[in-house]
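S.K.: Mind looking over this structure? Questions follow.
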Amino acid sequence: MNQKVNLLFPTPLIETNIGTDYIIKDVNLQRGPNNDGYISVDEKYLDSNKKLKDRIDNEIEIYLRHTLRLNRKVYLKHQASWILLHKKGDHSPIHYHMNSWLSGIYYYKVSKNSGLVQFNCDRPYGWTCSSMNPLEAAEEINEITANWYRINPVEGHLILFPSQLSHLSFPNETDEDRIALSFNYTLHGTWGETTTRITI
Numbered sequence: 032m033n034q035k036v037n038l039l040f041p042t043p044l045i046e047t048n049i050g051t052d053y054i055i056k057d058v059n060l061q062r063g064p065n066n067d068g069y070i071s072v073d074e075k076y077l078d079s080n081k082k083l084k085d086r087i088d089n090e091i092e093i094y095l096r097h098t099l100r101l102n103r104k105v106y107l108k109h110q111a112s113w114i115l116l117h118k119k120g121d122h123s124p125i126h127y128h129m130n131s132w133l134s135g136i137y138y139y140k141v142s143k144n145s146g147l148v149q150f151n152c153d154r155p156y157g158w159t160c161s162s163m164n165p166l167e168a169a170e171e172i173n174e175i176t177a178n179w180y181r182i183n184p185v186e187g188h189l190i191l192f193p194s195q196l197s198h199l200s201f202p203n204e205t206d207e208d209r210i211a212l213s214f215n216y217t218l219h220g221t222w223g224e225t226t227t228r229i230t231i
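Following the working numbering, the numbering of the sequence shown begins with 32 at its first residue and continues without gaps.
The structure is reproduced here in structure tokens:
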């Protein structure tokens, strides 16, 4: 008997490569609050890099209209964006992006062994439960059994994901700087019916 597997309620994570034909330089940086890397002082970096913002906005539009099939009554607006620079040993601890709807990471400069990015499943449901989780008994970790997903980014890699998805970056193990752009977008427009309708 053949079993049919239905993967219910997926979390969409978009990967594409938009290249590195963008100029990122002369960014004013400061050491991060956890002393784990450098972050730009400018918290809306994309506003000063129109070419890169236009390309990211285009990828977001494809995600909204073709993947999620949302109509044009709703749209996303740039909320914040910042440059991250990780030298040898620097990393990003596990976190999620509060007060936003869609987040992303664009890898401008990376090299081999400059650090994976890992996304975690924090919800207490799925194929197992938090009180009985036989993950060590799984002979193969696949898209059903894994509670994390790792990406080895290359230059030009763009990742879009729901802002509540927790993630971290592994330490940069090289002598080369890892440079990435992180950003948040918020949902705007009108949706809902009667007493649940909202316009933002």
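We put the CB at the ideal spot given by N, CA and C, even for glycine.
1. Where do the ends of the beta strand (DSSP E) carrying residue 33 lie?
2. Unbroken beta strand (DSSP E) runs of length 3 or more, entirely within the region 63–140: which are they?
3. Strictly by DSSP, which residues pair up with residue 142?
4. Note down, in chain order, each residue of its chain lying with its Cβ closer than 6 Å to the Cβ of residue 136, except the 5 sequence neighbours on either side.
5. Which of helix, strand or coil does DSSP assign to residue 225?
6. Can you tell me the Cα-Cα spacing of residue 105 and residue 123, whole angstroms?
7. What do you reckon, are the CB atoms on residue 116 and residue 68 nearer than 8 Å?
8. Mapping the DSSP letters down to three states, classify residue 174 as helix, strand or coil.
9. Check each candidate in 52, 131, 230, 153 and name the one with the smallest Cα separation from residue 187.
10. From residue 131 to residue 177, what does the alpha carbon distance come to, in whole angstroms?
11. With three or more C-beta pairs closer than 8 Å as the rule, is the region 76–85 touching the region 32–44?
12. Report the option in 48, 65, 73 whose CA atom is closest to the CA atom of residue 58.
13. Which residue or residues does DSSP assign as beta-bridge partners of residue 220?
14. Here's a check: name, in chain order, each residue in its chain whose Cβ is nearer than 6 Å to the Cβ of residue 46, leaving out the five neighbours to either side.
15. Just to check my reading of the structure: residue 147 and residue 216 have Cβ atoms closer than 8 Å, yes? What is that Cβ distance to the nearest angstrom?
16. If you drop the 5 nearest sequence neighbours on each side, which residues of the same chain put their C-beta closer than 7 Å to that of residue 121?
17. Rounded to the nearest angstrom, what separates residue 103 and residue 94 at their Cα positions?
18. Which whole-angstrom value is the C-beta distance of residue 218 and residue 60, which I expect to be below 8 Å?
19. List the DSSP bridge partners of residue 200.
M.R.: By the coordinates alone:
1. What you label residue 33 is simply residue 2 of the sequence shown in a count that begins at 1. Counted as a single uninterrupted DSSP element, the stretch harbouring residue 33 is not any beta strand (DSSP E), since DSSP gives it neither H nor E.
2. DSSP runs (the beta strand (DSSP E)) wholly in the region 63–140: 69–71, 105–117, 123–126, 133–140.
3. Taking the first residue of the sequence shown as 1, we reach residue 142 at position 111. Looking at the DSSP output, residue 142 bridges to nothing.
4. Position 105 of the sequence shown, counted from the first residue, corresponds to residue 136. By the criterion of a C-beta distance shorter than 6 Å, residue 136 is surrounded in its chain by 190, 211, 213, once the five residues flanking it on both sides are discounted.
5. The sequence position of residue 225 within the sequence shown is 194, counting from 1. Helix.
6. As a first step, residue 105 is located in the sequence shown; it is residue number 74 there, counting from the start. As a first step, residue 123 is located in the sequence shown; it is residue number 92 there, counting from the start. Between the alpha carbons of residue 105 and residue 123 lies a distance of about 31 Å.
7. Position 85 of the sequence shown, counting from 1, holds the residue named residue 116. Position 37 of the sequence shown, counting from 1, holds the residue named residue 68. It is a contact, given that the beta carbons lie within the stated cut-off.
8. Within the sequence shown, numbered from 1, the residue matching residue 174 stands at position 143. Reduced to three states, the DSSP call for residue 174 is coil.
9. By 1-based counting over the sequence shown, the position of residue 187 is 156. Taking only the C-alpha atoms, the option nearest residue 187 is 52.
10. Reading the sequence shown from its first residue, position 100 is the one you call residue 131. Reading the sequence shown from its first residue, position 146 is the one you call residue 177. Taking the straight line joining both Cα atoms gives about 26 Å.
11. Cβ pair count under 8 Å is below three, so no.
12. Working through the sequence shown from its first residue, we reach residue 58 at position 27. The residue with the shortest Cα to Cα distance from residue 58 is 73.
13. Residue mapping note: residue 220 aligns to position 189 of the sequence shown, counting from 1. Beta-bridge pairing links residue 220 to 105.
14. The residue labelled residue 46 in the question sits at position 15 within the sequence shown. Close CB contacts of residue 46 within its chain, under the 6 Å cut and outside five residues either way in sequence, are with 190 (chain order).
15. Along the sequence shown, one-based indexing puts residue 147 at 116. Along the sequence shown, one-based indexing puts residue 216 at 185. Contact flag wrong, Cβ pair sits at about 24 Å.
16. Start at 1 with the first residue of the sequence shown, and residue 121 comes out as number 90. Cβ within range, chain order: 67, 68, 202, 203.
17. Along the sequence shown, one-based indexing puts residue 103 at 72. Along the sequence shown, one-based indexing puts residue 94 at 63. Approximately 13 Å, taken between the alpha carbons.
18. Position 187 of the sequence shown, counted from the start, is the residue given in the question as residue 218. Position 29 of the sequence shown, counted from the start, is the residue given in the question as residue 60. Going by Cβ atoms, the distance from residue 218 to residue 60 rounds to 30 Å, so no, they are not a contact pair.
19. On the sequence shown, residue 200 is found 169 positions in, with the first residue counted as 1. 123, 148.
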